[in-house]
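Accompanying notes for the structure given below.
Residue numbers (my numbering): 5 to 481.
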């Protein structure tokens, strides 16, 4: 007889494990099934984010930024560091330790909250009046069956491939392989200049690589506000820190004895790029392979995503789906919010998830962050707007840190003064954006934010000055 649960969650990434924990807090008998494995083939809950995504990439971004500061910025502070050497093995070891600590933390939380964890791959067997029968293929080859009254699919996403490119994780890498390099390539090519490409490019450029990014889009960061995107492009390509080739058409990729040869067109002109390593970073696609959704009468859309309504319900009663495997941006915090909301809806609550209020962050230097529509999108709707901007160059704390590039831009409705969106480029934008999310979520006006006292000196004062700027009354510029 299969083990029975009120709820089975497939996937222990940010969305899945959060949903499982919240459902257990609310009194449900919860199981969570996940197949991620550590170096010893043991369980490693946390999904892409903890294992090969958000967390390891930020660990390397932090280490590489520290290395760059020691090499280039220490002298300005009166600190002479002498000859700087890189121990990449130790840097990677630090990253791996952080991952182990956090995945172990998820396992601890499961035990603490009474979530039953199964290490293996789940697939649907059938559905009847009692619920859903799932088969779990264990990591050691054993098979068992579970019965869940309701199921949440939170299987995340996988790197998108390219028809002309074969990823071998040696010369040609995906984002996972790019985080595990054991030496710094002299020449690194990256196909894709989106969030993943820019962050990986930043890591290896700081550590000494010559980095070239190839992007099929003619516009740089088309999802970002134009003012932010253009200034980011200017900063990242200054003195060829990163080389960006936009509007390219990929013709061929071949592995040679010396490295990788990439042939592409820009307009009518043909180009050849020769690099030691090539990273494919062209986004991600939903991961539903092996779930056997057809056995319960569910099919995916043309993107491979599971269709859901505004509350993450599928067309099959009792079946929910969240995170990267459904519509909307592939963001860990979006998956978390959906997971919490679904757990609460199952238990009779009525939460809402405002996808339009999700913050976006790109962890370059300086960081990019935004919440809400771009100015172009708002104006295309015929909205009357007022815009306030304030540069970090005029902020005392930014000066003290030696990080003065960028600005904050606040867009408000000209009639009501309600803040519609906020766009940031600057130090700690990933932290500062939370105030903007709060302001928009609670319907604040620019006057509301301008009247709030911000500590001095702090980077947050730039937000207040931008709010004052909506009325043209910034004090320090």
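C-beta atoms are modelled at their ideal positions from N, C-alpha and C, and glycine is treated no differently.
Just measuring C-alpha positions, the residue of 421, 158, 401 sitting nearest residue 344 is 158. In this chain, the alpha helix (DSSP H) harbouring residue 100 covers 92-117.
Taking all protein chains in view, the Cβ of residue 339 is crowded by 16 or more other Cβ atoms within 10 Å, so the residue is classified as buried.
Judged by DSSP secondary structure, residue 338 falls within the alpha helix (DSSP H) whose first and last residues are 336-350. Inter-residue distance for residue 259 and residue 147 is about 41 angstroms (C-alpha atoms, whole angstroms). For residue 219, the enclosing beta strand (DSSP E) covers residues 214-219. Taking 8 angstroms as the cut-off, the beta carbon of residue 411 is found no closer than this to the beta carbon of residue 431. Comparing C-alpha distances from residue 270 to each of 285, 250, 351 shows the shortest one belongs to 250. When rounded, the separation of the alpha-carbon atoms in residue 358 and residue 311 is 18 angstroms. Between residue 35 and residue 160, the gap from beta carbon to beta carbon reaches 8 angstroms or more. Comparing C-alpha distances from residue 370 to each of 417, 447, 386, 429 shows the shortest one belongs to 429.
Ranked by how close their Cα comes to the Cα of residue 54, the residues 31, 192, 103, 44 have 103 in first place.
Its Cα nearest to that of residue 42, the residue 100 stands out among 478, 242, 100. The way I'd put it, the stretch 200-219 doesn't touch the stretch 388-404; fewer than three beta-carbon pairs between them come closer than 8 angstroms. The C-alpha of residue 442 is placed about 29 angstroms away from the C-alpha of residue 15.
The three-state reading of DSSP puts residue 123 in strand, counting E and B together. Residues 13, 158 of the same chain have their beta carbon placed closer than 6 angstroms to that of residue 20, with the five preceding and five following residues left out of the count. In this chain, the alpha helix (DSSP H) harbouring residue 19 covers 18-29.
Of all alpha-carbon atoms in 92, 40, 86, the one lying nearest the alpha-carbon of residue 65 is that of 92.
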